[in-house]
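Numbered according to the numbering used here, the sequence shown spans residues 138 to 572.
Think of the CB as a built atom: it goes at the ideal place given N, C-alpha and C, for glycine as much as any other residue.
Since the model is a prediction, treat every value here as computed from it, not as a measurement.
Here's the structure we're looking at; comments come further down.
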Amino acid sequence: MPDSQPQQPQQPPNDAAAGSGGALVLGGARLADGRTVDVRLSGGRIEAVGTAGSLAPGPRLDLGGYLLLPAPAEPHAHCDTALTAELAGPVPYAPEDVRRRTTEAALLHLGHGATALRTHVRVGGVHGLRALEAVLQAGHTLRGLTDLGVVAVPRVLTGAAGADGLAVLRDAVKMGAGVIGGCPDLDPDPTGHAEAVLDLAARHGCAVDLHTDGDDPARLARFAAMAGGLRPGVTIGPCAGLARLPGDVAARLADRLAAAGVTVVCLPQGDCGGLEDRGARGASGPPGPATPAAPGCAPVRLLRAAGVRVAAGSGALRDAANPVGRGDPLEAAFLLASREGLSPAEAYEAVCGRARAALGLPEVRVEAGFPAELLAVRGEGLASVLSLAYSRVVVHQGRVVARTSAVREYCDSAAAVALDLPRQTRAQKPDGDQA
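Right, dumping it as structure tokens:
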């Protein structure tokens, strides 16, 4: 069966009114609690939820056979470098190249269900703020399809070179970067780097999102002490190094992160480009022998047990850090359930509720009054859609913005007939959707 590929956003034939703030009924959808309901959307919000067939006629999309969920969000992407793994030579950083890659990557995430996305963009160096400007332009173009948030990520913020980095970071905030990032592990003075980011964020009222492997206990403890109480919030990731520390040490650090209110964004598929220079600098500290950290995931269960808010992201999307990334939040949830021991509901919460909270977005429930940010996936329950999620319908601001359809067929054979194998046919349903 072919894997799903995000297609151009299509509206169902009879929901044109939904695009201009009119009502749209999602009919016959199954909820995670097993109920089958109609859901009416209007003005970008969920207006009503009733039993199947109970809501008034009007523009309607039949979601029979689909599980309807709050839409996930992507809390850790690198759209400016996405889709470059197969390029020969250096990654092109002309503004039009960055803008195209960012747009395509954001639409891939959207096709998989993420209606909000946070992307980390390097600032400073030879490229200055050009990449950031191109990403911000792409975000403006994508308005109405997806929400694109931008993190400005400088390299060095301490020492003689740090003054330039700080100046560029201040300019990035003025330009429109809503979140201040950084890579303390890559700075000769990691603690000073983190202090500089936190101080600038406090001055400008910005959120913080830092890349760190989390493998230095003393450094991470100092960071937790500095970050406590900062508003609107502090996020770190991917923190795979925490899993390589002794269990008692990692548990104490988890307690400190929880007390400080720090959110950890783990990357179940492995590291991302934000820590790509670690092999040249050593696993931590100043330049030294190449000792890159092994790919892995943060100790999710340990962090959750301590009360740390844990979200999950996709990270690299077919770039130098990972040539086969998918940008699919359901894959991240699948990996949390299959590798990290989370239940399907806990795993989905990491890519949905926790991810949205990390991005500062409002909570979504399939209940009246909540934002109409929804994902419908063909399947009977959460475990099944995390295992085999191909056909999807994505709703952003109350309208359908992306659809992905897959058709499963088996050849005519005695085995297929005898076993009565499940199949998806090409017969047209009343709303025009394929089964």
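When we look at the beta-carbon of residue i and count the other beta-carbons within 10 Å, is it buried (16 or more) or exposed?
i           : result
residue 249 : buried
residue 221 : buried
residue 188 : exposed
residue 191 : exposed
residue 180 : exposed
residue 229 : exposed
residue 322 : buried
residue 385 : exposed
residue 546 : exposed
residue 277 : exposed
residue 480 : exposed
residue 461 : exposed
residue 263 : exposed
residue 552 : exposed
residue 265 : exposed
residue 595 : Shown here, the chain extends from 138 to 572; a query on residue 595 therefore has no answer.
residue 549 : exposed
residue 474 : buried
residue 224 : exposed
residue 556 : exposed
Is the CB-CB distance between residue i and residue j below 8 angstroms?
i           : j           : result
residue 592 : residue 534 : Since the first residue shown for the chain is 138 and the last is 572, residue 592 is missing from the structure and cannot be characterised.
residue 513 : residue 204 : yes
residue 206 : residue 511 : yes
residue 454 : residue 526 : no
residue 387 : residue 327 : no
residue 365 : residue 397 : yes
residue 294 : residue 333 : yes
residue 171 : residue 369 : no
residue 182 : residue 162 : no
residue 251 : residue 209 : yes
residue 493 : residue 483 : no
residue 478 : residue 438 : yes
residue 361 : residue 317 : no
Among the options, which residue has its Cα nearest to the Cα of residue i?
i           : options               : result
residue 589 : 296, 546, 509 and 542 : The chain is shown from 138 up to 572; residue 589 falls before or after that span and cannot be answered.
residue 404 : 443, 464 and 322      : 464
residue 247 : 459, 516, 539 and 556 : 539
residue 495 : 506, 165 and 486      : 486
residue 352 : 434, 458 and 296      : 434
residue 383 : 354, 361, 202 and 296 : 354
residue 185 : 440, 542, 198 and 160 : 160
residue 292 : 406, 302, 457 and 226 : 302
residue 296 : 325, 556, 475 and 361 : 325
residue 537 : 174, 168, 167 and 199 : 199
residue 234 : 202, 268 and 259      : 268
residue 175 : 441, 237 and 504      : 504
residue 543 : 218, 521 and 515      : 515
residue 356 : 378, 164, 367 and 240 : 378
residue 394 : 408, 363 and 409      : 363
residue 458 : 202, 232 and 407      : 407
residue 350 : 336, 337, 335 and 402 : 402
At least one CB of chain C closer than 8 angstroms to the CB of residue i: is that the case?
i           : result
residue 475 : Any reference to chain C falls outside this structure, which holds one protein chain only.
Is residue i near the ligand PLP, going by C-beta to nearest heavy atom under 7 angstroms?
i           : result
residue 252 : Only the bare structure without any ligand can be found here, which leaves the ligand PLP out of the picture.
Could you pull out every unbroken alpha helix (DSSP H) segment of at least 4 residues lying fully inside the region 344-397, listed in chain order? 354-364 and 384-397
Whether or not the region 305-314 and the region 254-273 are in contact is what I'm after, with contact meaning three or more pairs of Cβ atoms, one per stretch, closer than 8 angstroms; do they touch? yes
Given 8 angstroms, three or more beta-carbon pairs between the region 338-351 and the region 366-381: yes
Tell me the start and end of each unbroken beta strand (DSSP E) in the region 167-255 that is at least 3 residues and wholly inside, in chain order. 173-179, 182-188, 197-199, 203-207 and 211-214
For the region 251-258 against the region 212-227, are there 3 or more C-beta pairs whose distance is under 8 angstroms? yes
Can you list, in chain order, the stretches of the beta strand (DSSP E) that have 3 or more residues and sit fully within the region 513-540? 529-533
Alpha helix (DSSP H) segments (min. 4 residues) lying fully within the region 425-470: 437-443
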